[in-house]
Amino acid sequence: MIRKAFLTILLIFGFSFAYQDLNAKQFYEMMQKEKDVIILDVRTPQEYQEGHISNAINIPVQILGQQLDKLNNFKDKKILVYCRSGNRSAIASQILDRAGFKNVYNLKGGLFEWKASELPLVK
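If you're matching positions, the sequence shown starts at 1 in the UniProt record's numbering and goes up one per residue.
Take a look at the structure:
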């Protein structure tokens, strides 16, 4: 009985992720306060061209796993991740978490939330 309970707890907590969700206002405030953050746009290059957050690096989530070496120098920095709706960025945040990045923040609601909050984009 105790063994089953232990295994259940291990399964639940063993698959939890360390990244944090932020709303658009929190995401923007962190960008403003922390000058040494990395902003990662995980949408397609076409979506990125249509408008993106200032200073964002574009690495589509589909190839993020193969491109992690580009981010290895930033493992100790805060990484702010976003996409269109928050779904791809949540997946990307999990990938980064599993790769050892410990300061990962996901824009919950993605650019939909960002635009609704009337925050700036670069076109």
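For each residue, glycine too, the CB sits at the ideal point set by N, CA and C.
- Per DSSP, reduced to three states, the secondary structure at aspartate 41 is strand.
- Its chain contains Leu22, Val37, Lys78, Leu80, Tyr105 as the residues whose beta carbon lies nearer than 8 Å to that of methionine 30, once the 5 sequence neighbours on both sides are disregarded; these appear in chain order.
- Non-local beta-carbon contacts of isoleucine 57 in its own chain, meaning distances under 6 Å to residues more than five positions away in sequence, involve Leu40 in chain order.
- Considered as a whole, the UniProt domain "Rhodanese" (33-123) harbours 38-41, 56-58, 79-82, 104-107 as its complete beta strand (DSSP E) runs of no fewer than 3 residues, in chain order.
- About 7 Å separates the Cβ atoms of leucine 107 and glutamate 113, confirming a contact at the 8 Å cut-off.
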